[in-house]
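Residue numbers (the numbering used here): 172 to 335.
Quick reminder that beta carbons are idealized off the backbone N, C-alpha and C, glycines included.
On a predicted model such as this, the values are computed, not experimentally measured, just so you know.
I have placed the structure first, in the form of structure tokens, so that the comments after it can refer back to it.
Below you can see the structure in the form of structure tokens.
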């Protein structure tokens, strides 16, 4: 989820292409023209709160994506590394085109955008099979900071929409 700074008038909660439910937006800012966007990764109530972020271990098989390798109802694992894995899977779902089977295609319906290919390395680093080998948040920020600004200003296209 992204903050509303791209649409200065805001948007209607039901009719997303309008600001008041009736009139279409007059202004839509380019993401490169806004000083700072905030992106939020939200989980709709599947989260847990811990008193610390060091040495936390948990068990359970909750979550939207059930494919994380350390998933266990009995063997403790680091839930923060699991979060990184799940966010990485989402990033790869936005970037990659190929599917090994129909179930994978259904599970990754967001794999529909051109212009995000440079995020593949970040997604790959986040989804390594061994949790200790996964990128940390600071590793990911370093990778993003290393991207060329012109790449971040590229248009992102839905694959089913023609490029203009």
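With respect to the C-alpha of residue 258, the residue from 299, 228 and 243 having the closest C-alpha is 299. Residue 220 sits in coil when the DSSP states are folded into three classes, being neither helix nor strand.
Inclusion of residue 325 and residue 286 in the CB contact set at 9 Å is warranted, their separation being smaller than that value. Setting aside the 5 residues that flank it on each side, residue 327 is surrounded in the same chain by 284, 285, 286 and 287, each with a C-beta closer than 8 Å to its C-beta; the list follows chain order. Contact annotation: residue 295 and residue 263 have beta-carbon atoms nearer than 9 Å. Residue 178 and residue 309 have their alpha carbons spaced roughly 30 Å apart.
Of the candidates 232, 255 and 291, 232 places its Cα closest to the Cα of residue 244.
In the structure shown, the three-state DSSP call for residue 253 is helix.
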